[in-house]
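First to last, the sequence lines map onto chains B and A. For the first sequence, this note's numbering puts the final residue at 417, and the numbers step up evenly by one. For the second sequence, this note's numbering puts the final residue at 1494, and the numbers step up evenly by one. For reference, the structure discussed in these notes is given below.
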Amino acid sequence: MKKLICGILILSLLLSVMGLNVVAATEPVTIQFWHNYDAGAGQIDVLNQLIAQFKETNPSIKVNQVYLEWQALKNNVVAGATTGMLPDVLRGDIGFVPQFQALNVLVEMNTVFPDYVNAADAVLEAPNSTAKAGDHYYGIASNTNTKILYYNKNLISTVPATLDEMWAIAEKVSSKDVIGFCEAWMGGWNLCQYIWSYGGDILAPDYSTASGYINGSIAVAVIQRLADLFAVGAFSGPTIDPGALPDTDGMGTGKYAMTIDGPWKAKDLSTKYPDLQYGAVQMPAGPAGSIGVLGGEDFMMFKTSDAAHQDAAWKFIKFMTGKKAQIEMAKVGQMPVNKEALADKEVLKVMPLLSIFSNALQTCKARPVTPKWGDMEGVINTKATEAVLGQKSVQTAMDEAAAEINALLQ
Amino acid sequence: MVPHAFFRTKKYFRKKDNVRMLLLLVPGLVVMGMFTFYPIIKMFVMSFFDWKIGYNQVSPFIGIENYLTVFSDPIAGMALANTLFYAVVTVPMQIILGLLVALLINDIKKFSVSFRLLYYLPVITSWVVVALLFRYIFSNQGLLNYLLTDVFKWIPEHIGWLSTRWPAMTAMTLLGIWKGIGWNMVIFLAALQAVPKEYYEASSIDGASSIQKFFYITIPNIKGTILFCIVMLVIGAFNTYTPIAVITGGNPAHQTDVVLTWTYYQTFSSYRMGYAAAFSFIIAAIVAVIAIILFKVLRPERM
C-alpha cells in the first residue's frame, strides 16, 4: 500500500512537472523591443505590420515595441545597466555594441544560440563584423549604410572623381553666398573616410596606440586641407560654426554645394526640398581608394532577460533579419543586410541609389570596435575643430588628440 | 546627561501636538530624504570612485583623483569661465532692468496690468522655443544679419554671432536677460508696494528729488529683496542649460559649454559618473561660497 501511495505521488509529481513544462512552452511571452526606427519615414508603421505578421506565425509571442531617440536609447540602456530594467531586444547604432558590451549587459549570441551561424550567414559579413567584440558576437546586423557624395547640380558642373578634385572644386565654387563643402561634425564618423582614403588611419591596427596615426602625416595633411578650405570660406558645418546652417538645410537652399552623407540624406533632401536638383556618386577616391565609413544598426539582446524571453527575442531577431522583413524595411529607407533581400528586384526599384551604396559598401570600413570609441570621437571632434578654426596648428592639435586617445586606450 | 535627554524626549512625545506635528512632517521628510538628501550623499560618495554603471560591475575607490582631473581639465575651466561670464552679465542686468521696469509700472495708473503681463510673458514661454528663436535671429543667415546687411546695409558681410566663443556667449546672455526681466519685475513690484508711502511724502516735504528718494528711501527698503534676487539669479545662472544646449550645443569644440552642459556630456556621453559627481560638488561649493559672500557683503540683518 505504502509503495502504491509512493508510486502515485511520484507519478503525480512527474506529471505536474511535465504539465508545467507544457504550460511554460505555450504560455504567451511578451518581449520588450527598444529601437530608433524613424517614424517620419514610415518605418514604425512598417515595423507594426511586421510585428503583426510575426505574431501570426508565433502566436505565443507578443512584441511590445518602444521608440527611443538615439541618445535616449543609449541613456536608457546606461540607466538600465544599473537597475536591471532592460529590454529583451534592442536595435541600435553599431557603435553601441562595444559600449554596451563594456557594461556587461549583452548576451553572447553566438554561444547562447547554436543557429546563430546560420542567421549570420544570411547577412553581409562586413556589417555583421560590427557586432563582434573580442571572439564573440554580441549582436547581429539589422541594416547597413555608408556615405556617398551629394552635390548640387546647379552649382557643380564637373563631378569630382578624386578627393583632391573635390577639394579644388569646393574652393572654386565658393563665393559670398556659397560654401563649397559641408561636414555635419568633425568626429571619426566624418574624418575617418578621408584619412583612410589617403592611406592613413586613426589607431594602430591592434588598437595599441594613436601616436603616429591620428597625428601622423596623412591625418595632419587631411585636416590641414580642411583648415585651408575653412580659412577661404570653402568649408563649414554646424559644429565648426554653430551659426552655420545645418547640412540638409544648407544643401537644400544652395548654401552648400557638396556634402558626404548616408542614404537618409537623399530622403531628407527630396522631402524637404523637392525642387533641389541634386546628384549622388560614390565618395571620390584618395590615393588608397574610396574608403567610406561603415554605418548602420545591429540587434542586441540583454542578459537580464530569462531563457523564455531570450528564445522569443531570438526568434523575432531572425524574423527581422529575414528576407521578407528586410525587403519591407528597404521600402522605407533601411538598406538591407540580408543577402537575398539585397538582390531583390523590389528593393532595387525602391532604392534608386542602392547600386551606388552597394559599390561603396564593397570598400568601406568599420570604425574601431572599442568601448571608448565614443570618447575618442569626441576628442577627435574637439581637436580637429580647434585645428580647422585656426586656434592651434594642426600638428599641435592632433598631437594633443593622440595623447588623449592613448590615455583612453590604456 | 543621557537619562536627562531621554526624559526630555519622552516628555516631548507626551505632548499630543508634538506627535501630530512630527507625523505631518514625516511624508515631506521622507520625500526630501529620498529625492534630495540621498542623491546628494550618494553623489558625494560617487565622486571618490571610478564609478562603473555596468551590470554587476565593481567601482574602484580612487580617492580625490576625480577632483584632480576636474582641476586639470581645460574644458571644465572653460565651462566654469563661461558660466561665470553668464552670471556676471545676466544677474546685474536682470536686476537693473527688472527694477527699472517695476519702478515705471509702479508709477503708472493706466494699463499697469497690461504692461505687467507683457513684461512677464517671456518668463512663461518655453526655454526651448525662445532659444530656437534666438538661434534663428543670431545665426549666419538669421534675422539680425538680414537686417544689418540686406535691409539697412550697415555692414557689407554677415557677422558670425554664434560662430565664436564670446559673441555666442553674449547672444545667450541676451536671451537670459530678456527672459529674466519679467520675474525680477514682479518681485520688485511686490517689494515696492510694501515701502510705506509716508516716507516718500515726508521726503517730498523736505524737498528730496526723485533720484534722492530712489537712493535713500527705495533702495534701503528693498535691500532684502535685492539680495534675494541676486542669490536666486546666481543659482539660476549656474543652472543654465537649455539655451546653450539649443543654441550652440557647446560648439565649437566645447568653447561655449557651461558647467551643466559639460556635466551632462561627461555623464551621458562619456559615462564618467565619478568625474561628473566631483565637478558637480565643486560647482555646488562655488555657489555656496558666492552666496555666503553675498550675505556677508549685503548683511541682511541690517536691512
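Glycine is no exception: its CB is placed at the ideal position from the N, C-alpha and C atoms. For clarity, every value in this text was computed on a predicted model and none was experimentally measured.
Problem - Under 9 Å (Cβ pairs) to chain D, residues found in the region 366–378 of chain B - result: Of the protein chains in this structure, namely B and A, none is chain D.
Practice task
Express the C-alpha separation of B/Q200 and B/E407 in angstroms, rounding to a whole number.
Solution key: 21 Å
Practice task
Kindly list the residues whose CB is nearer than 8 Å to the CB of B/G244, restricted to its own chain and excluding five residues on each side of it in sequence; keep chain order.
Solution key: C189, E190, A191, W192, M193, A251 and D254
Handout entry: Burial state of B/E353, where buried means 16 or more other Cβ atoms lie within 10 Å
Key = exposed
Handout entry: Buried or exposed (CB count within 10 angstroms, at least 16 for buried), A/F1302
Key = exposed
Exercise for the section: Could you pull the start and end residues of the beta strand (DSSP E) that B/L97 belongs to? Expected result: V96 to D100
Handout entry: Outcome for A/T1227 when other beta-carbon atoms lying within 10 angstroms are tallied against a minimum of 16
Key = exposed
Exercise for the section: Classify B/Y285 as helix, strand or coil using the three-state DSSP reduction. Expected result: strand
Handout entry: B/Y157 and B/T278 closer than 8 Å at C-beta
Key = no
Handout entry: Short Cβ contact (8 Å threshold) for A/N1331 with A/H1349
Key = yes
Practice task
Kindly indicate if chain B contains any beta-carbon less than 8 Å away from that of A/S1263.
Solution key: no
Handout entry: Span separating the alpha-carbon of A/V1210 from that of A/L1290
Key = 45 Å
Exercise for the section: Would you kindly report the start and end of the unbroken alpha helix (DSSP H) that includes A/L1275? Expected result: In the DSSP annotation of this structure, the continuous segment of the alpha helix (DSSP H) that includes A/L1275 starts and ends at P1265 to D1298.
Practice task
Evaluate contact between the region 132–145 of chain B and the region 156–175 of chain B, counting only Cβ atoms and requiring at least three cross-stretch pairs below 8 Å.
Solution key: no
Handout entry: A/W1352 in three-state terms, based on DSSP
Key = coil
Handout entry: Within chain B, partners of A/Y1455 - CB distance below 7 Å
Key = Going along chain B, no residue has its Cβ under 7 Å from A/Y1455, so there is no contact; the nearest lies around 10 Å.
Practice task
Can you have a look at B/E335 and say buried or exposed, based on whether 16 or more other CB atoms are within 10 angstroms of its CB?
Solution key: Under this definition B/E335 is a buried residue.
Problem - Three or more C-beta pairs below 8 Å linking the region 1456–1476 of chain A and the region 1256–1267 of chain A - result: Note that the region 1456–1476 of chain A touches the region 1256–1267 of chain A; at least 3 beta-carbon pairs, one per stretch, sit closer than 8 Å.
Practice task
At 9 Å on the CB atoms, spell out the chain B contacts of A/I1244, in chain order.
Solution key: Going along chain B in sequence order, the residues near A/I1244 (Cβ under 9 Å) are V85, A86, A88, T89 and L110.
Problem - Cβ-based burial, B/W380 [other Cβ within 10 Å; buried from 16] - result: buried
Exercise for the section: Quickly, what does DSSP pair B/G302 with across the bridge? List them, please. Expected result: B/N152
Handout entry: Secondary structure of B/N345, DSSP reduced to three states
Key = strand
Practice task
List the DSSP bridge partners of A/H1445.
Solution key: Per the DSSP secondary-structure output, A/H1445 pairs with nothing in a beta bridge.
Practice task
Would you verify that the beta carbon of A/Q1248 is, or is not, closer than 8 Å to some beta carbon of chain B?
Solution key: yes
Handout entry: Contacting residues, own chain, Cβ-Cβ under 8 Å from A/A1383 (five flanking each side not counted)
Key = Contrary to the premise, residue 1383 of chain A reads as Leu rather than Ala in this sequence. Taken in chain order, the residues that qualify are A1293, L1294, N1297, T1409 and I1413.
Handout entry: Simplified DSSP state of A/K1202, which is helix, strand or coil
Key = helix
Handout entry: Whole-angstrom distance between A/Y1311 and A/L1366, CA atom to CA atom
Key = 14 Å
Problem - Spatial distance of B/S215 from B/G141 (CA atoms) - result: 15 Å
Exercise for the section: Run down chain B in chain order and give the residues with a C-beta less than 9 Å from the C-beta of A/S1330. Expected result: P249, G250, A251 and L252
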